[in-house]
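Asker: Per the working numbering, the sequence shown starts with residue 146, numbered consecutively. Would you mind keeping the following structure in view while I ask a few things?
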Amino acid sequence: MSEIVVVGAGVIGLSAAQALCEKGYKVKVVAAHFPTDPLNSRYTSPWAGAHYRPFPSKSPKEFEESQLTRKTLEYFEKLAVEEPQSSVKFIDGIDYLEEKGLYDVKAKGYYEDIQYLKEIPKNQLPKGVEFGAKYRTWVLNSPLYIQYLQRKLTFKYGVEFIRTELTSLKQVSQSFPNTIIVNASGLGLQYNGGYDPKSYVIRGQTLLVRAPEGHPYEKQTITHQSKDGLWTFVIPRPLDGGLIVGGTKQVNDFQNTPKDEDTKQLIERSRALYPEIFIDGELDIKNINVGFRPAREGGIRIEIEKVGKQYIVHDYGFGGMGYELSRGSAEEVLKLVESIPTVSKL
Numbered sequence: 146m147s148e149i150v151v152v153g154a155g156v157i158g159l160s161a162a163q164a165l166c167e168k169g170y171k172v173k174v175v176a177a178h179f180p181t182d183p184l185n186s187r188y189t190s191p192w193a194g195a196h197y198r199p200f201p202s203k204s205p206k207e208f209e210e211s212q213l214t215r216k217t218l219e220y221f222e223k224l225a226v227e228e229p230q231s232s233v234k235f236i237d238g239i240d241y242l243e244e245k246g247l248y249d250v251k252a253k254g255y256y257e258d259i260q261y262l263k264e265i266p267k268n269q270l271p272k273g274v275e276f277g278a279k280y281r282t283w284v285l286n287s288p289l290y291i292q293y294l295q296r297k298l299t300f301k302y303g304v305e306f307i308r309t310e311l312t313s314l315k316q317v318s319q320s321f322p323n324t325i326i327v328n329a330s331g332l333g334l335q336y337n338g339g340y341d342p343k344s345y346v347i348r349g350q351t352l353l354v355r356a357p358e359g360h361p362y363e364k365q366t367i368t369h370q371s372k373d374g375l376w377t378f379v380i381p382r383p384l385d386g387g388l389i390v391g392g393t394k395q396v397n398d399f400q401n402t403p404k405d406e407d408t409k410q411l412i413e414r415s416r417a418l419y420p421e422i423f424i425d426g427e428l429d430i431k432n433i434n435v436g437f438r439p440a441r442e443g444g445i446r447i448e449i450e451k452v453g454k455q456y457i458v459h460d461y462g463f464g465g466m467g468y469e470l471s472r473g474s475a476e477e478v479l480k481l482v483e484s485i486p487t488v489s490k491l
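Laid out in C-alpha cells, this is it:
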C-alpha cells in the first residue's frame, strides 16, 4: 500500500496534503518548519499578506496559473461560509495604476469568472491614477490559516508531522520506501541534493500595523502601482490580525533582517496613499516582516518525475502567489498522484 510523503509544510504542502487526505490517501508531512514555530524568514508562509488580485495574462503559462487561482477562489468561497475559523473572508479588492499598461478588463485571464469586477470610471479615480478596477476578493490571516490546516490534518486525518532538515529527496526515499513524494519544498529540493537551478528567491519586506478604530480597510484591500513600478498595498488580516502594509520585491536578495530604508519608504508611501491607518501622525508598527518568496524561471512546476522506482510529484516555485494558487495546485497534485499506477488509498 503506497503512502504519500509531502516535503514542506508551507501553504502549498499543507494544501496538497489536505486534498490527498480528503480522497482517502495516507499522508505524512516532512519539513524543517511548521506553522506553530516561531517566525523564521526561511519559512515564508506565515509572513504573507495573503490576498487575491486578478491580473491579465502575458503568456500561456500565466493563463494556466490564473485558472488555478480560480479554483482556490471557488474553494475559499465555501470555506469562508462553512469554516470561518480558517480566517478566510471576502471583501472588496481595488487596484489603482498610475500607468495603465497591460491592464485591460478585456485581457485574457483577468476578468473571467471574477465576481463584480468592473473598471472604475475615470472621474472616480484618485489623483494621478490612470486605471482602476474593483472586484470581490478574499483575504486571510496567514499564520492562523496554516495553523488551521495543520490542526485539521492532525486531528481529522491523522497526518503525522515529522521534523527534519533535508538535503535531498533521496533521504525521504530511503527513510520512507515505497512511498510517493510530493515535493512542496519551495525552491525545489532535488533527488540527489541541491535545488532546482531555475529557482530563486524574492525578498519581501512588509509592516504589520495596528490601525485606528473605524479605519476603512476592514472591508477592502487596495493595491496601488506607481509610475516607477513600486507596489504599495494594504491588506487586512481577519480575526484581529491587524493590517499588512507593503511591500518590496528584491530578487536574489538574502538579507533576512529588516532594512531601515525599506521601512522608511513603506511608511512614506503609506502616509501618501493610506493616511487613515496612522495614529496621531505615526504608524503603529507591531512587526517588520522579512520573508523570501520561492520563485522559479518559467513559472511553477507541477509534474511527475520518476527516479529509478521513486515517483516524485513536484509542486513548487510559486513565488508570491502561494496562497492564491494553494488549492488549485493541490487539486492538480491529486490528479497526478492518482495517475501513478502503483498508488492505492488507505
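Yeah, the Cβ is synthetic: ideal placement off N, Cα and C, and Gly gets one too.
Tell me, to the nearest whole angstrom, how far the beta carbon of Lys263 is from that of Ala278; I am working on the premise that it is less than 8 angstroms.
Answerer: Here residue 263 is taken as the residue at index 118 of the sequence shown, counted from 1. Here residue 278 is taken as the residue at index 133 of the sequence shown, counted from 1. Contact flag correct, Cβ pair sits at about 7 angstroms.
Asker: Report all residues from its chain with a CB closer than 7 angstroms to the CB of Leu491; omit the five preceding and five following residues, and keep chain order.
Answerer: Working through the sequence shown from its first residue, we reach residue 491 at position 346. With a pLDDT of 45 at Leu491, under the threshold of 50, the modelled position of this residue cannot be trusted, and the question is left open.
Asker: Rounded to whole angstroms, what is the Cα-Cα separation between Glu244 and Ser371?
Answerer: In the sequence shown, residue 244 corresponds to position 99, counting from 1. In the sequence shown, residue 371 corresponds to position 226, counting from 1. Taking the straight line joining both Cα atoms gives about 7 angstroms.
Asker: Anyone know if the C-beta pair for Leu384 and Asn432 falls short of 7 angstroms?
Answerer: Along the sequence shown, read from residue 1 onward, the residue named residue 384 stands at position 239. Along the sequence shown, read from residue 1 onward, the residue named residue 432 stands at position 287. Not in contact: Leu384 and Asn432 (Cβ atoms no closer than 7 angstroms).
Asker: Any idea if Leu314 is buried or exposed, counting beta-carbon neighbours within 10 angstroms, 16 or more meaning buried?
Answerer: Counted from its first residue, the sequence shown places residue 314 at position 169. Under this definition Leu314 is a buried residue.
Asker: Can you give the Cα-Cα distance for Met146 and Gln292, rounded to whole angstroms?
Answerer: Counted from its first residue, the sequence shown places residue 146 at position 1. Counted from its first residue, the sequence shown places residue 292 at position 147. Bear in mind that a pLDDT of 40 at Met146, under 50, signals an unreliable position, so the number given afterwards is only what the model happens to contain. Approximately 29 angstroms between the Cα atoms of the pair.
Asker: For Pro191, which of Pro183, Phe276, Thr324 has the nearest alpha-carbon?
Answerer: The residue you call residue 191 lines up with position 46 of the sequence shown. That would be Pro183, whose Cα lies nearest to the Cα of Pro191.
Asker: Are Thr366 and Gly392 closer than 7 angstroms when you measure CB to CB?
Answerer: On the sequence shown, residue 366 is found 221 positions in, with the first residue counted as 1. On the sequence shown, residue 392 is found 247 positions in, with the first residue counted as 1. Not in contact: Thr366 and Gly392 (Cβ atoms no closer than 7 angstroms).
Asker: Using the Cβ count rule (16 or more neighbours within 10 Å means buried), how would you classify Asp405?
Answerer: Along the sequence shown, read from residue 1 onward, the residue named residue 405 stands at position 260. Asp405 is exposed by the Cβ-count criterion.
Asker: Between the C-alpha atoms of Lys301 and Gly426, what's the straight-line distance to the nearest angstrom?
Answerer: Taking the sequence shown and counting its residues from 1, the one referred to as residue 301 is at position 156. Taking the sequence shown and counting its residues from 1, the one referred to as residue 426 is at position 281. Cα to Cα, Lys301 sits roughly 47 angstroms from Gly426.
Asker: Can you tell me whether DSSP reads Arg348 as helix, strand or coil?
Answerer: For the purposes of this step, residue 348 is taken as residue 203 along the sequence shown, with counting starting at 1. Strand at Arg348.
Asker: Between the C-alpha atoms of Asp373 and Leu242, what's the straight-line distance to the nearest angstrom?
Answerer: Residue mapping note: residue 373 aligns to position 228 of the sequence shown, counting from 1. Residue mapping note: residue 242 aligns to position 97 of the sequence shown, counting from 1. So the two alpha carbons sit approximately 11 angstroms from each other.
Asker: Answer with buried or exposed for Phe399, where buried requires no fewer than 16 other C-beta atoms within 10 angstroms of its C-beta.
Answerer: Within the sequence shown, numbered from 1, the residue matching residue 399 stands at position 254. Under this definition Phe399 is an exposed residue.
Asker: In its own chain, which residues sit with a C-beta less than 6 angstroms from the C-beta of Trp283, not counting the 5 before and 5 after it?
Answerer: In the sequence shown, counting from the first residue as 1, residue 283 sits at position 138. Same-chain partners within the cutoff: Tyr197, Phe221, Val233, Phe235.
Asker: Ignore the nearest five residues each way along the sequence and tell me which others in Lys206's own chain have a CB closer than 6 angstroms to its CB.
Answerer: For the purposes of this step, residue 206 is taken as residue 61 along the sequence shown, with counting starting at 1. Around Lys206: Gly444.
Asker: Are the region 175-182 and the region 302-313 touching by the rule of at least three beta carbon pairs closer than 8 angstroms?
Answerer: yes
Asker: Are the beta-carbon atoms belonging to Asp341 and Gly333 less than 7 angstroms from one another?
Answerer: Here residue 341 refers to the residue found at position 196 when the sequence shown is read from its first residue. Here residue 333 refers to the residue found at position 188 when the sequence shown is read from its first residue. Taking 7 angstroms as the cut-off, the beta carbon of Asp341 is found closer than this to the beta carbon of Gly333.
Asker: Is it buried or exposed, Pro266, if we count other Cβ atoms within 10 angstroms and call 16 or more buried?
Answerer: Taking the first residue of the sequence shown as position 1, residue 266 is located at position 121. Classification of Pro266: exposed, given that the 10 Å Cβ count is below 16.
Asker: For the putative contact between Arg472 and Ser160, defined by C-beta atoms under 8 angstroms, what is the C-beta separation to the nearest angstrom?
Answerer: The residue given as residue 472 occupies position 327 in the sequence shown. The residue given as residue 160 occupies position 15 in the sequence shown. Their Cβ separation, rounded to whole angstroms, is 6 angstroms, which keeps Arg472 and Ser160 in contact under 8 angstroms.
Asker: Determine the closest residue to Arg348 out of Val390, Arg382, Gly464, Tyr261, with distance taken between C-alpha atoms.
Answerer: As a working mapping, residue 348 is identified with position 203 in the sequence shown. Of Val390, Arg382, Gly464, Tyr261, the residue nearest in Cα terms is Gly464.
Asker: Taking the alpha-carbon positions, what's the Glu227 to Gly462 distance?
Answerer: To locate residue 227, count along the sequence shown from 1; it is residue 82. To locate residue 462, count along the sequence shown from 1; it is residue 317. The straight-line gap from Cα to Cα measures roughly 30 angstroms.
Asker: Classify Val482 as helix, strand or coil using the three-state DSSP reduction.
Answerer: In the sequence shown, residue 482 corresponds to position 337, counting from 1. The DSSP-derived three-state label of Val482 is helix.
Asker: Curious, which full-length alpha helix (DSSP H) runs of at least 4 residues does the region 313-382 contain?
Answerer: 314-320
Asker: Can you name the residues that DSSP bridges to Leu262?
Answerer: Here residue 262 refers to the residue found at position 117 of the sequence shown. Note: Leu262 sits in no beta bridge, so no partner.
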